[in-house]
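Peer 1: My structure is below; once you've seen it, I'll send some questions.
Number of protein chains: 2
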Amino acid sequence: MRRFVGDLAGLLDGTDDLSVILGRGAELLGRLVARDGWLPDEYAQPHPERYQQYLLHCDSAERFSVVSFVWGPGQATPIHDHRVWGLVGVLRGAEKVQSFGRRDSDGALVQQGPTRNLLETEVEAIDPRATGPGGDIHRVENAQADRTSISIHVYGGNIGAVERATYRANGEERPFISGYANTALPNIWDLSRTA
Amino acid sequence: MRRFVGDLAGLLDGTDDLSVILGRGAELLGRLVARDGWLPDEYAQPHPERYQQYLLHCDSAERFSVVSFVWGPGQATPIHDHRVWGLVGVLRGAEKVQSFGRRDSDGALVQQGPTRNLLETEVEAIDPRATGPGGDIHRVENAQADRTSISIHVYGGNIGAVERATYRANGEERPFISGYANTALPNIWDLSRTA
Ligand SMILES: [Fe+3]
Ligand SMILES: [Fe+3]
Ligand SMILES: [Mg+2]
Chain H
145 MRRFVGDLAG LLDGTDDLSV ILGRGAELLG RLVARDGWLP DEYAQPHPER YQQYLLHCDS
205 AERFSVVSFV WGPGQATPIH DHRVWGLVGV LRGAEKVQSF GRRDSDGALV QQGPTRNLLE
265 TEVEAIDPRA TGPGGDIHRV ENAQADRTSI SIHVYGGNIG AVERATYRAN GEERPFISGY
325 ANTALPNIWD LSRTA
Chain P
145 MRRFVGDLAG LLDGTDDLSV ILGRGAELLG RLVARDGWLP DEYAQPHPER YQQYLLHCDS
205 AERFSVVSFV WGPGQATPIH DHRVWGLVGV LRGAEKVQSF GRRDSDGALV QQGPTRNLLE
265 TEVEAIDPRA TGPGGDIHRV ENAQADRTSI SIHVYGGNIG AVERATYRAN GEERPFISGY
325 ANTALPNIWD LSRTA
């Protein structure tokens, strides 16, 4: 995790090209979720009623944040957007993802492409410039009806503070600032403990 | 605190000049410690036997870390070095600081300049290139015999992981990796809570 954060900071120091950030960032995140065992239990706890988002690290300049999403059985997000780039990697279990676009005629939301099943260790990029599959408006759901799933999300900002929106099926937007479920972050920086 | 972290990241993005970093960084830290009330109690707890260092934030690329040092009555550090730049600002109470240099003849440590009393809201820079007052080898002590003091330290690296040294009066070095007292950091990034 510490290494992932450092590598991502290096990537952002080296380029502003969003396609490079998403491509190389997906490789780095793929490496992080390929191995389990590093996420402390405090940040892996489901809530009985709603999915949890635990901030794990935020960059000093809020260039990016790393969040663990914990999905109880059957839990889902509302349809929502991000307004910054994103990367999603499944650490445990599986997620169902549906992308949406606006219909020209009346602005209502229409699903774009098939529902994807994102399996353990798989990674998907969210490109805020894109519409359709992998685009910015989506809905995410635990693909497991009987078990917790956990995914690690990385966003191009302090996602809990970004002013964005949730959507109704008719396209109506509601302002949305997600915040975080946790008041304390893991100390990933203490080599004297983890070495 | 969130603003301080962002401003310091911006400063480091803009310059590699250590004198500028220490000068402008001291101004920023001065502003942070001029106001109390923002440090959560968990990171202000003294330990009965030894001073505590609580990591508050570490930069993604480990360019800097922000630490709260909590000194119980009469507690002190050993004589030690840093090997990276540092800034010390007193948030509550007062600190006594002594700087040391090596004697040419036998390498023993000799105090350089007078013992300084760093008072609440005051800031001092640690320049790893310097010897003598404000130099890299020093000893810090709570200046209050009957009360806790707290200072906010900023270092040019992940200070808890830096391989550095403590010293005996005869100049003998011992390897020193300080670590941190805390396994959880404050979540300073949740605007939905703090706004
Ligand atoms: Fe999302
Ligand atoms: Fe020191
Ligand atoms: Mg950072």
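Note that the protein sequences, when read in sequence, are chains H and P.
Residues in the first sequence are numbered consecutively from 145, following my numbering.
Residues in the second sequence are numbered consecutively from 145, following my numbering.
All residues carry an ideal CB built from backbone N, CA and C; glycine is no exception.
1) Please name the residue or residues paired with P330 of chain P in a DSSP beta bridge.
2) In chain H, which residues lie less than 7 Å from T327 of chain P when you measure between Cβ atoms?
3) Measuring CA to CA, which of H:E239, H:A205, H:R318 is closest to I296 of chain H?
4) Step through the CB atoms of chain H and report whether any lies within less than 8 Å of the CB of S212 of chain P.
5) With distance defined between alpha-carbon atoms, name the residue in H:D185, H:N286, H:A205, H:D161 nearest to F148 of chain P.
6) Across the segment 222 to 238 of chain H and the segment 263 to 274 of chain H, are there enough close Cβ pairs to call them in contact, namely three or more that are closer than 8 Å?
7) What are the complete beta strand (DSSP E) segments, minimum 3 residues, inside the segment 280 to 305 of chain P?
8) Quick check: the Cα distance between A287 of chain P and I223 of chain H, rounded to an integer number of angstroms?
9) Terminal residues of the continuous alpha helix (DSSP H) containing R179 of chain P?
10) Listing by chain order, which chain P residues have their CB less than 8 Å from the CB of A305 of chain H?
11) I think H282 of chain H touches S243 of chain H, with their Cβ atoms under 8 Å apart; what is that distance to the nearest whole Å?
12) Between the alpha carbons of H226 of chain P and L173 of chain P, how many angstroms are there, rounded?
13) At least one CB of chain P closer than 8 Å to the CB of E206 of chain H: is that the case?
14) Taking Cβ-Cβ distances shorter than 9 Å, what residues in chain P pair up with Y195 of chain H?
15) Is any non-hydrogen atom of ligand 1 found closer than 7 Å to the C-beta of T275 of chain H, if you look at the structure I gave you?
16) Check each candidate in H:I332, H:W333, H:D334, H:Y324 and name the one with the smallest Cα separation from I332 of chain P.
17) Let me confirm a value: G218 of chain H is counted as buried when at least 16 other C-beta atoms fall within 10 Å, else exposed. Which label applies?
18) Measuring straight from C-alpha to C-alpha, what distance separates F213 of chain P and V228 of chain P?
19) Taking 7 Å as the cut-off, is the beta-carbon of V241 of chain P closer than that to any non-hydrogen atom of ligand 1?
20) Could you name the residues that DSSP lists as bridge partners for F213 of chain H?
21) Under a Cβ-count criterion, where at least 16 other Cβ atoms within 10 Å of its own Cβ denotes burial, should N326 of chain P be classed as buried or exposed?
22) Taking Cβ positions, are W182 of chain P and S293 of chain P nearer each other than 8 Å?
23) Measure from the alpha carbon of R246 of chain H to the alpha carbon of each residue in H:Y311, H:N302, H:V210, H:Y198, then state which is nearest.
24) Between G323 of chain H and chain P, is any beta-carbon pair separated by less than 8 Å?
25) Using only CA atoms, which one of P:V241, P:A252, P:R273 lies nearest to P258 of chain P?
26) Check whether chain P comes within 8 Å of D225 of chain H, counting only Cβ atoms and requiring the distance to be less than that.
27) Assuming L329 of chain P and L199 of chain P make a contact with CB atoms under 8 Å, what is their CB distance in whole Å?
28) Is T221 of chain H a contact residue of ligand 1, with contact defined as CB to any heavy atom under 7 Å?
29) Would you mind working out which of P:M145, P:N314, P:L155, P:L162 sits nearest A252 of chain P, comparing C-alpha positions?
30) Taking the straight line between their C-alpha atoms, what separation do you get for L262 of chain P and G237 of chain P?
Peer 2: This is what the structure gives:
1) BP columns for P330 of chain P point to H:A328.
2) Simply N331.
3) For the residues H:E239, H:A205, H:R318, the minimum Cα distance to I296 of chain H belongs to H:E239.
4) S212 of chain P does not count as touching chain H.
5) Nearest to F148 of chain P by alpha-carbon distance, out of H:D185, H:N286, H:A205, H:D161, is H:A205.
6) Touching, yes.
7) You should have 282 to 286, 293 to 299.
8) In this structure, the CA atom of A287 of chain P is about 57 Å from the CA atom of I223 of chain H.
9) Boundaries cannot be given for R179 of chain P, as no alpha helix (DSSP H) includes it and DSSP labels it neither H nor E.
10) Near A305 of chain H (Cβ distances below 8 Å), the residues of chain P are W333, D334, L335, S336.
11) Under the criterion of beta carbons closer than 8 Å, H282 of chain H and S243 of chain H qualify as touching, at roughly 5 Å.
12) Looking at the two C-alpha atoms, the distance is approximately 18 Å.
13) So yes, E206 of chain H belongs to the interface.
14) The contacting residues do not exist; Y195 of chain H stays about 16 Å from chain P at best.
15) No, Cβ of T275 of chain H sits at least 7 Å from all heavy atoms of ligand 1.
16) Selected option, being the one with the closest Cα: H:Y324.
17) Its Cβ having fewer than 16 others within 10 Å, G218 of chain H is exposed.
18) Distance from the CA atom of F213 of chain P to the CA atom of V228 of chain P, rounded to whole angstroms, is 17 Å.
19) V241 of chain P has its Cβ no nearer than 7 Å to any heavy atom of ligand 1.
20) According to DSSP, which records beta bridges pairwise, F213 of chain H is partnered with H:Q197, H:S295.
21) Buried.
22) Cβ atoms of W182 of chain P and S293 of chain P: not closer than 8 Å.
23) Out of H:Y311, H:N302, H:V210, H:Y198, H:Y311 has the C-alpha closest to the C-alpha of R246 of chain H.
24) For G323 of chain H, at least one C-beta of chain P is nearer than 8 Å to its own C-beta.
25) If we check each option's Cα against that of P258 of chain P, P:V241 comes out closest.
26) At least 8 Å separates the CB of D225 of chain H from every CB of chain P.
27) Contact holds; Cβ gap of about 6 Å.
28) It does: the Cβ of T221 of chain H is within 7 Å (strictly closer) of some heavy atom of ligand 1.
29) Nearest of P:M145, P:N314, P:L155, P:L162 to A252 of chain P, Cα basis: P:N314.
30) Going from the Cα of L262 of chain P to the Cα of G237 of chain P covers about 9 Å.
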